[in-house]
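Student:
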Amino acid sequence: MSALATRKKLLMALSTSSVITLKINGEKHTLPVDHRTTLLDALRERLDLTGTKKGCDQGQCGACTVLLDGRRGVACLQLAVAAEGREITTVEGLADGERLHPVQQAFLDLDGFQCGYCTPGQICSAIGAIEEHAAGWPSAVTDDVRPEAGPPPLSADEIRERMSGNLCRCGAYNSIVQAVARAAGAASGTDPVPGASVHGVTDSKETVA
Amino acid sequence: MREFGYQRASDVAGAVALLGADPDTRFLGGGTNLVDLMKTGVERPARLVDIRELPLGEIESTADGGLRIGATVTNGDLAAHPEVRRRYPALAQAVLAGASGQLRNMATVGGNLLQRTRCGYFTDVTKPCNKRLPGSGCPAVTGDHHNHAILGASENCVAVHPSDMAVALTAFDAVVHYETADGPGESPLGEFYLPVGDTPHRETALPPGALITGVTLPPAPVAAHSRYRKVRERASYAFAIGSVAAALDVRDGVVHDVRLALGAVASRPWRAGAAERVLAGAPATTDSWTAAADAELAAARPLPHNGYKVTLMRNLMVAELTRLAEEAAR
């Protein structure tokens, strides 16, 4: 270890704050933080990235879901200082210019929300869930988790289980399940999954209206 | 939250040295339990040593045919690993039954073993709790204890261990490996969690200042035929009110090998040794499953509001053994 690095470590040990650089949506932000600052508070209160929402602030509601190195996680239990060096993606970083991310578009097309407060977390979580499924990850409702059984179809039950870390107090769950199914189908080039049209609600809101 | 210093460790020896023997310092893994407890004041460390970047993130086969799981492997990666799913499916199922997708991507294996009980009196700093504040009393014994222990508890503490992962690891005889300033050490998971007695604040056999580096699973052919079943108060994303990790190998209608461990019934993952002894060499019949469950639960001492757990655990054990026997017969 270099003398400089050793000195930096000792200083950090004594100090209760640090100057950190966070890489968010491809952009670097350098800021001093009290070590107690969560990534959620750094995003919202320090960097004006208020798309990520604060719900319970104790890891139970999923409103603050972001992507950390491409995987979904909750920003309220992630210390900002410990997020240094990681690729952070928030809802603000999903669209490609004016073109929405397919999951954003699906939520919009299928009314996957009512008040919208949980939506940024739902969307980030859905992106992570769809990628986990595409990578062959089983879930708690997967009948046979052995790799020989192959990946489970992304049924409504699978989507509900995989999205259970995101609460929606408006109860827009039926539309959320449909939106996730449609986005997953678009990502894999297949039709929306059978069974994702739940409780007699058809897949397309346009035809219902 | 109390102010704290923060350091990031890059190697195991450095992490152990940084922690030293300082009782006010904590290792930080995924933080899903520690940060939460710091917010509520249950944990008040003066310094955190971040171990997430340590080279302990691999799952490897061991020479004897078991698995070695690094301490910083996330729950998500553990449950997705093909060898875990193939050789120890109940372990993958147990991990998937816990928390949410987001939390599983953050939480680590080492941290999972050291997570604290979710007893409402432990997590509320305005209440007495012998685990949090030794000698202050246990309001759960006469208060809200509908999800508390029926086995191995004492009048000093009736809290249950919250982990699903550790229940499956216990069933499969996992060994916890750790590093201290004096060198490495290990502890079978069955002896890792200490009896409650009159010291509920002392939870594990981990020496002061030790860092968990990983867990090894010995080879266990029976584990390929295993299941984890969790019962909770809602369909997903809740702690267990009862769970079972079971593995069964039936040959010629007779139990050749069996593993049983129970969750949410004690201060530690509960290896159902009495049930396993009843089943050794027993015919693979419903009568055997029932006799085994009854043998294990003979030691149950339910409280006024958690007697349902005795029935629940009996039914769970019988149901899972029945299903495994049916699968074996196919």
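Going down the list, the sequences are from chains S and E.
Quick note on the numbering used here: the first sequence kicks off at 199 and runs consecutively.
Quick note on the numbering used here: the second sequence kicks off at 64 and runs consecutively.
Ideal Cβ positions, reconstructed from N, Cα and C, are used throughout, including at glycine.
#1: How would you write the range of the alpha helix (DSSP H) that residue 97 of chain E sits in, first residue to last?
#2: Note the first and the last residue of the continuous beta strand (DSSP E) segment covering residue 140 of chain E.
#3: At a CB-CB cut-off below 7 Å, which residues of chain E make contact with residue 362 of chain S?
#4: Taking only beta-carbon positions, decide if residue 180 of chain S is within less than 8 Å of chain E.
#5: Please go through the same chain and pick out, in chain order, the residues whose beta-carbon is closer than 6 Å to the beta-carbon of residue 127 of chain E, but skip the five residues on each side of it.
#6: Nearest-angstrom Cα distance between residue 320 of chain E and residue 236 of chain S?
#7: For residue 261 of chain S, which residues in the same chain have their Cβ closer than 6 Å to its Cβ, ignoring the five residues on either side in sequence?
#8: Since residue 312 of chain E and residue 271 of chain E should fall inside the 8 Å C-beta cutoff, what is the C-beta to C-beta distance between them, to a whole number of angstroms?
#9: List the residues of chain E whose Cβ lies closer than 9 Å to the Cβ of residue 219 of chain S, in chain order.
#10: Taking the straight line between their C-alpha atoms, what separation do you get for residue 301 of chain E and residue 294 of chain E?
#11: Contact check, residue 350 of chain E vs residue 377 of chain E under 8 Å by CB: the rounded distance?
#12: Considering residue 320 of chain E, what are the terminal residues of the beta strand (DSSP E) in which it resides?
#13: Taking Cβ to Cβ, would you say residue 277 of chain E is nearer than 8 Å to residue 131 of chain E?
#14: Where do the ends of the beta strand (DSSP E) carrying residue 71 of chain E lie?
#15: At 3 residues or longer, and completely inside the region 153-180 of chain E: list those beta strand (DSSP E) runs for me, N to C.
#16: Specify, as a first and last residue, the run of the beta strand (DSSP E) that residue 290 of chain E falls within.
#17: Does any residue of chain S bring its CB to less than 8 Å from the CB of residue 389 of chain E?
#18: Look at the Cβ atom of residue 228 of chain S, then the Cβ atom of residue 165 of chain E, and state whether they are nearer than 8 Å.
#19: To which residues does DSSP link residue 246 of chain E through a beta bridge?
#20: So which residues of chain S does residue 102 of chain E contact, with C-beta pairs closer than 8 Å?
#21: Flag this pair as touching only if the region 201-215 of chain E and the region 317-333 of chain E have three or more C-beta atom pairs under 8 Å; answer yes or no.
#22: Assuming residue 98 of chain E contacts residue 277 of chain S (C-beta within less than 8 Å), just tell me the rounded distance between them.
#23: Excluding five sequence neighbours on each side, which residues of the same chain lie with their C-beta closer than 6 Å to the C-beta of residue 248 of chain E?
#24: Using a Cβ cut-off of 7 Å, pull out every chain S residue sitting near residue 95 of chain E, in sequence order please.
#25: Mapping DSSP to helix, strand and coil, what is residue 275 of chain S?
#26: Within the region 329-375 of chain S, note down every full alpha helix (DSSP H) run reaching 4 residues or more, in order along the chain.
#27: So for residue 381 of chain E, helix, strand or coil by DSSP?
#28: Counting only C-beta atoms, is residue 233 of chain S closer than 8 Å to chain E at any point?
#29: Helix, strand or coil: how does DSSP classify residue 87 of chain E here?
#30: Report the three-state DSSP secondary structure of residue 372 of chain E (helix, strand or coil).
Tutor: By the coordinates alone:
#1: Taking the first residue of the second sequence as 1, we reach residue 97 of chain E at position 34. Start and end: 97-103.
#2: As a working mapping, residue 140 of chain E is identified with position 77 in the second sequence. Where residue 140 of chain E is concerned, there is no enclosing beta strand (DSSP E), although the alpha helix (DSSP H) it sits in stretches over 138-143.
#3: As a working note, residue 362 of chain S is residue 164 in the first sequence. Simply 163, 299 and 300.
#4: Any question about residue 180 of chain S goes unanswered here, given that chain S covers just 199 to 407.
#5: Along the second sequence, one-based indexing puts residue 127 of chain E at 64. Cβ within range, chain order: 282.
#6: For the purposes of this step, residue 320 of chain E is taken as the residue at position 257 of the second sequence. For the purposes of this step, residue 236 of chain S is taken as the residue at position 38 of the first sequence. Rounded to the nearest angstrom, the two C-alpha atoms are 48 Å apart.
#7: By 1-based counting over the first sequence, the position of residue 261 of chain S is 63. Same-chain partners within the cutoff: 251, 253, 316 and 319.
#8: The residue you call residue 312 of chain E lines up with position 249 of the second sequence. The residue you call residue 271 of chain E lines up with position 208 of the second sequence. Incorrect: roughly 40 Å between the Cβ atoms, too far for contact.
#9: Translated into positions along the first sequence, residue 219 of chain S becomes position 21. What residue 219 of chain S touches in chain E: nothing, since even the nearest Cβ is about 14 Å away.
#10: Locating residue 301 of chain E in the second sequence gives position 238, where the first residue counts as 1. Locating residue 294 of chain E in the second sequence gives position 231, where the first residue counts as 1. Going from the Cα of residue 301 of chain E to the Cα of residue 294 of chain E covers about 9 Å.
#11: Position 287 of the second sequence, counting from 1, holds the residue named residue 350 of chain E. Position 314 of the second sequence, counting from 1, holds the residue named residue 377 of chain E. That belief does not hold up - the Cβ atoms of residue 350 of chain E and residue 377 of chain E are roughly 14 Å apart, past 8 Å.
#12: If you number the second sequence from 1, residue 320 of chain E lands on position 257. First-last of the beta strand (DSSP E) with residue 320 of chain E: 317-326.
#13: In the second sequence, the residue the question calls residue 277 of chain E occupies position 214. In the second sequence, the residue the question calls residue 131 of chain E occupies position 68. Result yes, Cβ atoms of residue 277 of chain E and residue 131 of chain E sit closer than 8 Å.
#14: Along the second sequence, read from residue 1 onward, the residue named residue 71 of chain E stands at position 8. Residue 71 of chain E -> beta strand (DSSP E) spans 68-71.
#15: none
#16: Counted from its first residue, the second sequence places residue 290 of chain E at position 227. Segment 289-295, the beta strand (DSSP E) holding residue 290 of chain E.
#17: Taking the first residue of the second sequence as position 1, residue 389 of chain E is located at position 326. So no, residue 389 of chain E is outside the interface.
#18: Position 30 of the first sequence, counted from the first residue, corresponds to residue 228 of chain S. Position 102 of the second sequence, counted from the first residue, corresponds to residue 165 of chain E. Going by C-beta atoms, residue 228 of chain S is not nearer than 8 Å to residue 165 of chain E.
#19: Along the second sequence, read from residue 1 onward, the residue named residue 246 of chain E stands at position 183. Its beta-bridge partners are E:243.
#20: Here the question's residue 102 of chain E lines up with position 39 in the second sequence. Chain S residues near residue 102 of chain E: 255 and 256.
#21: yes
#22: As a working mapping, residue 98 of chain E is identified with position 35 in the second sequence. As a working mapping, residue 277 of chain S is identified with position 79 in the first sequence. Sure, about 6 Å apart at Cβ, within 8 Å.
#23: Your numbering for residue 248 of chain E matches position 185 in the second sequence. The answer, listed in chain order, is 241.
#24: One-based indexing of the second sequence puts residue 95 of chain E at position 32. Near residue 95 of chain E (Cβ distances below 7 Å), the residues of chain S are 257 and 275.
#25: To locate residue 275 of chain S, count along the first sequence from 1; it is residue 77. Residue 275 of chain S falls in the helix class under three-state DSSP.
#26: Given a length threshold of 4 residues, each whole run of the alpha helix (DSSP H) inside the region 329-375 of chain S is given here in chain order: 354-360.
#27: Along the second sequence, one-based indexing puts residue 381 of chain E at 318. In the structure shown, residue 381 of chain E sits in a helix (DSSP, three-state: H, G or I).
#28: Along the first sequence, read from residue 1 onward, the residue named residue 233 of chain S stands at position 35. Flagged as an interface residue toward chain E: residue 233 of chain S, by a C-beta distance shorter than 8 Å.
#29: For the purposes of this step, residue 87 of chain E is identified with residue 24 of the second sequence, where counting begins at 1. Looking at residue 87 of chain E - three-state DSSP - the assignment turns out to be coil, as it is neither helix nor strand.
#30: In the second sequence, residue 372 of chain E corresponds to position 309, counting from 1. The answer is helix: DSSP assigns residue 372 of chain E an H, G or I state.
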